[in-house]
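All you need for this note's numbering is the position in the sequence shown, starting with 1, plus 93.
Ideal placement from N, C-alpha and C gives every residue a C-beta, glycine not left out.
Shown next, in C-alpha cells, is the structure this report addresses.
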Amino acid sequence: MIRFILYRSFFRFKSCVKCSLKKCIDVQNYRDLLNEKYPTIRSYIPVVDRINKISNSNVSDRNISLSNVELGISRKELLHVLGIPKTILQVSKKNKVEVFYYKRMFGRHKAKVEFHFHEKKLFYINVVLPNLDEIINTLELKYDFTLTDREYGFRAKYNHAFYIEKDVNIVLSCFSNDLYFLQVLESEDAYFKIQQEKVEEKKMNYYYETF
C-alpha cells in the first residue's frame with residue numbers, strides 16, 4: 094500500500110514538472126516572438142499606419158474594452174484586474190515602453206493578449222484568437238459592425254481605434270491614438286532616419302576615397 098502511494102506521488106510530481114516545463118517553454122517562445130515583433134519603439138509605425146487607413150466614416154460611439162480592460166488605464170490598474178503577466182518585455186527603456194503578455198479566455202477560447210504601456214499608461218492592446226465564426230459573430234454584436242472582408246477598422250470613443258484582421262488567426266488591435274506617444278514615435282523615427290543617412294553618407298565617402 095505504501096509502495097503504491099509512493100509510486101502515485103512520484104508520477105504526480107513528474108507530471109507537474111512536465112507541465113511546468115511546457116508552460117515555461119511556451120512563455121519563452123512567445124517572449125522570443127515579442128522580441129522579434131517589437132525590437133524598437135519604431136515597431137509601432139506599421140500599427141499607426143494601419144490605424145490611419147481607417148475611413149473617417151467608420152465611427153462608433155461604443156467604448157473599447159477587452160477582458161474588462163480599457164485603453165488609458167495605468168499599469169497598476171491592469172495588474173489589479175488581471176494579476177501578474179506571463180512575461181514582460183521592455184521595448185524601450187529610454188521611452189518607458191513595455192509589453193505585458195497574458196494568456197486569457199475569451200468565452201470558451203484561449204487567446205494570447207499583449208498590453209502595451211508608454212510611461213505606465215496603456216496605449217495599445219493586441220489579441221490573437223482562433224479563427225472561428227463564433228468569435229467573429231460575438232465581436233460583430235459587441236461593436237455593431239459586419240466583417241465583409243478579411244479586415245475592418247473603426248474609430249470609437251476618445252479617438253480610440255479598433256482593427257480586426259481575419260487570417261489563419263483573428264487578430265484584434267486596439268489603439269489609443271495617444272498624442273504624446275505619437276509625438277515620441279515621430280521623433281524617434283526622424284532620429285533613426287537621420288542616423289541612417291549619416292551611415293549611408295560615410296559609405297559613399299569611403300567608396301569615393303577608395304577609387
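Suppose the cutoff is 7 Å on Cβ atoms and the five residues either side in sequence are ignored; what does the same chain contact list for PRO178 look like? As a first step, residue 178 is located in the sequence shown; it is residue number 85 there, counting from the start. PHE193, TYR194, TYR195, listed in sequence order.
Name the residue from LYS187, LYS214, SER153 whose alpha carbon lies nearest to the alpha carbon of GLU170. Numbered from its first residue, the sequence shown carries residue 170 at position 77. Out of LYS187, LYS214, SER153, LYS214 has the C-alpha closest to the C-alpha of GLU170.
Nearest to SER185 by CA position, among ILE287, VAL277, ASP125, GLN289, is which residue? To locate residue 185, count along the sequence shown from 1; it is residue 92. The shortest C-alpha separation from SER185 is found at VAL277.
Exposure label - PHE106; buried when at least 16 CB within 10 Å: One-based indexing of the sequence shown puts residue 106 at position 13. Its pLDDT being 44, under 50, PHE106 is placed unreliably in this model, and the value from its coordinates should be taken loosely. By the 16-neighbour rule on beta-carbons within 10 angstroms, PHE106 is exposed.
Looking at the structure shown, is VAL261 part of a helix, part of a strand, or coil, going by DSSP? Here the question's residue 261 lines up with position 168 in the sequence shown. In this structure, VAL261 counts as coil in the three-state DSSP scheme.
Going by the CB atoms, is the gap between ALA283 and ASN270 shorter than 8 Å? Counted from its first residue, the sequence shown places residue 270 at position 177. Counted from its first residue, the sequence shown places residue 283 at position 190. Contact: no.
Report the residue ranges of all beta strand (DSSP E) runs contained in full by the stretch 211 to 256; include only those spanning at least 3 residues, in chain order. Here the runs fully enclosed are 214 to 223, 244 to 248.
Per DSSP, the bridge partner or partners of LEU159: The count along the sequence shown starts at 1 and reaches residue 159 at position 66. Paired residues: VAL162.
Rounded to the nearest angstrom, what separates PHE216 and TYR137 at their Cα positions? Taking the sequence shown and counting its residues from 1, the one referred to as residue 216 is at position 123. Taking the sequence shown and counting its residues from 1, the one referred to as residue 137 is at position 44. So the two alpha carbons sit approximately 11 Å from each other.
Taking three-plus beta-carbon pairs below 8 Å as touching, is the stretch 237 to 247 in contact with the stretch 139 to 149? Judged by Cβ distances under 8 Å, the stretch 237 to 247 makes contact with the stretch 139 to 149, as three or more pairs qualify.
Given that a residue counts as buried once 16 or more other Cβ atoms are within 10 Å of its Cβ, and exposed if not, what is LEU265? As a working note, residue 265 is residue 172 in the sequence shown. LEU265 counts as buried, since no fewer than 16 other beta carbons sit within 10 angstroms of its beta carbon.
Going by the CB atoms, is the gap between ASN224 and ASN339 shorter than 8 Å? With the chain covering only 94 through 304, there is no way to say anything about residue 339.
In whole angstroms, give me the CA-to-CA distance for CYS112 and GLU163. The sequence position of residue 112 within the sequence shown is 19, counting from 1. The sequence position of residue 163 within the sequence shown is 70, counting from 1. Note on CYS112: pLDDT 44, under 50, position unreliable in the model; the coordinate value appears next. GLU163 has its alpha-carbon roughly 32 Å from the corresponding atom of CYS112.
Note the first and the last residue of the continuous alpha helix (DSSP H) segment covering ARG168. In the sequence shown, the residue the question calls residue 168 occupies position 75. Here the alpha helix (DSSP H) through ARG168 covers 168 to 175.
With distances taken between CB atoms, is the gap from ASN156 to ALA249 smaller than 8 Å? Stepping through the sequence shown from its first residue, residue 156 is reached at position 63. Stepping through the sequence shown from its first residue, residue 249 is reached at position 156. Yes, Cβ-Cβ distance for ASN156 and ALA249 is below 8 Å.
Cutting at 8 Å between CB atoms, please list the residues of its own chain near ILE147, excluding the five before and the five after it. The residue given as residue 147 occupies position 54 in the sequence shown. Excluding positions up to five away in sequence, the list reads GLY246, PHE247, ARG248, ALA254, TYR256.
Return helix, strand or coil for VAL110, following the three-state DSSP convention. One-based indexing of the sequence shown puts residue 110 at position 17. Interpretation of VAL110 is limited by its pLDDT of 43, a score under 50 that renders its predicted location unreliable; no figure is taken from the coordinates.
What separation, rounded to the nearest whole angstrom, lies between the Cα atoms of LYS205 and ASN151? Counted from its first residue, the sequence shown places residue 205 at position 112. Counted from its first residue, the sequence shown places residue 151 at position 58. Their backbone Cα atoms lie some 27 Å apart in a straight line.
Looking at the structure shown, is ILE138 part of a helix, part of a strand, or coil, going by DSSP? Counted from its first residue, the sequence shown places residue 138 at position 45. ILE138: helix per DSSP, three-state reduction.
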